[in-house]
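In this text, residue positions in the sequence shown follow the numbering used here: the first is 118, and each later residue adds one.
Note that the Cβ used here is the ideal one computed from N, Cα and C, for glycine as well.
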Amino acid sequence: MKLFSLAYLAVFSVWAVTVVNIDLASNKIPNARIALGAKLMLLALGLHMLNTYLGGRGAVISYLNWNFYLMWCAHVFWAVLAGLILWYSEIWPAGDAKFFMLTAAWLPLINPFIKNFPGYLFLSLLINIFVAAALAALGAFIASGCHQAGPSDFFRELSGDIKKRFAGLAGENKKNRWLLPAYAANLTFLFLLQQILCAEAGNFMSRFLSRTELIYFALFFLWNKIGGVFKSKKWLYAVLVCYILYFFAGYFYFHDRLVTLVLHSLVNVFKFSLLLFFGRFLLEFLMEKKDTVYVGPGELRTGMILSAGAAGTLKANPAFEGAFDDCFKDGLSGEQLVLVREWLKKMPVRDPKVEMVKGRPFALWIFAGAAISLIFDKTLLNLLK
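Now the structure itself:
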């Protein structure tokens, strides 16, 4: 088995490094490289299965049992689902999502005894990927800012940017400030519902529902797609009715656990709010601040990536009728390009421009996350404790 692991590690590393080099050079991951990685991975899987067959016949003494392949399929299912979510939530382009799926599929083939396999290996890999990328990006941003402007000026400007970002999330219109408590109430109900289902569900579903980090994952990455649900008046009224029923029933039937469940839910809301603000809104804002460019109508090309602010502006504009509801990191489509050009030409300014961001090669951090998982067999958060 050690020979298999070393051989697969070498093959995976060579393939992954070539993908990383191409991504660094062109900000694109060719489908041909993804197909090559898939073929090599299937070959490795086939050799493992052949070894298992020979082990069952008594020809070899070190082999994996057939249950491993069922667990591997479950792991690949979660990895593919996570990759699709990251693409659909406009975090990664399609190439990065495919590279992540394949990288996740390789890990148990290299180390069949890797921790968190099969149910949560994809999640620990994602933690290593994003924590490593965030630490490196934030460090580079602070270092370059201090070098260019001096520490005092840089941190003064950074403090102002953070305040602006927070004010922007809170909403400039004071009439919309009610959305913040509405978000909190709806999220509290979601975590409260999780605990209730967890207590009432069967053994298998209870283990699944008890993993609060899965809810964090779905909400964190899909927030741009589903966050609007939590400010819907219909949803708020439905939650209000559920709260009334819950507290009425709780007072008579489970008074002792009522306060405990609510407090536990509020703690989860607080943790998730910090994660969402610092891990997504603020980090995205700071990373884009460094890579922002302004492009006029004549300079626009398909594949260019809108900044989060520009994408939000276009999504909120009813004139586009939902054409920018999906602004994937693969960049502007041909149809979206025409709409942006026409919109810019109609603006009553002399030299209209739209805010774009340079493509950020992410294959390096996917490979780095895989390396951390294989070398330390822990998440980076555990290593930082």
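| Item | Value |
| --- | --- |
| Mind checking who Met473 pairs with in its DSSP beta bridge? | Val410, Leu423 |
| According to DSSP, simplified to helix, strand and coil, what is Asn144? | coil |
| Exposed or buried, Ala253, counting other C-beta atoms within 10 Å across all chains shown (16 or more means buried)? | exposed |
| Evaluate Pro435 with the Cβ neighbour count: other Cβ atoms within 10 Å of its Cβ, from every protein chain shown; 16 or more gives buried, anything less gives exposed. | exposed |
| Can you list, in chain order, the residues of its chain whose CB lies under 8 Å from that of Leu164, leaving out five sequence neighbours each side? | Phe121 |
| Would you mind stating whether Asn303 and Leu353 have Cβ atoms separated by less than 8 Å? | yes |
| Report back the beta-carbon spacing between Leu238 and Ile231 to the nearest angstrom; my notes put them in contact at under 8 Å. | 6 Å |
| Can you give me the C-alpha to C-alpha distance between Gln311 and Ser390, rounded to a whole angstrom? | 17 Å |
| Could you pull the start and end residues of the alpha helix (DSSP H) that Met464 belongs to? | Where Met464 is concerned, there is no enclosing alpha helix (DSSP H), given that its DSSP letter is neither H nor E. |
| Let's see if you can read the secondary structure: which residues bound the alpha helix (DSSP H) around Thr524? | In the structure as shown, the chain begins at 118 and stops at 502. Residue 524 is therefore absent and cannot be evaluated. |
| To the nearest angstrom, report how far apart Phe129 and Leu481 are at their CA atoms. | 14 Å |
| Do you know whose CA, among Val410, Asn138, Val386, Phe402, lies nearest Thr305's CA? | Val386 |
| From Phe216, His192, Ser450, pick the residue whose C-alpha is nearest to that of Phe479; which is it? | Phe216 |
| Helix, strand or coil: which one does DSSP assign to Trp183? | coil |
| Taking the alpha helix (DSSP H) that Gly486 falls in, what are its first and last residues? | 480-493 |
| Can you grab the Cα-Cα spacing for the pair Thr419 / Ser450, in whole Å? | 6 Å |
| Would DSSP call Tyr368 helix, strand or coil? | helix |
| Can you tell which of Ala133, Leu141, Pro414, Gly173 has its C-alpha closest to the C-alpha of Met158? | Ala133 |
| With 16 as the cutoff for other CB atoms within 10 Å, does Arg150 come out buried or exposed? | buried |
| Which residue wins for smallest C-alpha separation from His381, given the options Leu309, Tyr170, Ser424? | Leu309 |
| For the region 408-427 against the region 372-380, do three or more pairs of beta-carbon atoms, one drawn from each stretch, fall closer than 8 Å, so that the two count as touching? | no |
| For Val457, which option in Lys156, Leu417, Leu167 has the closest C-alpha, if you only look at C-alpha atoms? | Leu417 |
| Under 8 Å Cβ to Cβ from Gly429, same chain only, skipping five residues before and after it: list those, please. | none |
| Is Ile227 near Leu126, with beta carbons less than 8 Å apart? | yes |
| Measure the C-alpha to C-alpha separation of Thr169 and Leu181 and round it to an integer number of angstroms. | 6 Å |
| Can you tell me whether Thr135 is buried or exposed? The criterion is at least 16 other CB atoms within 10 Å of its CB, across all chains shown. | exposed |
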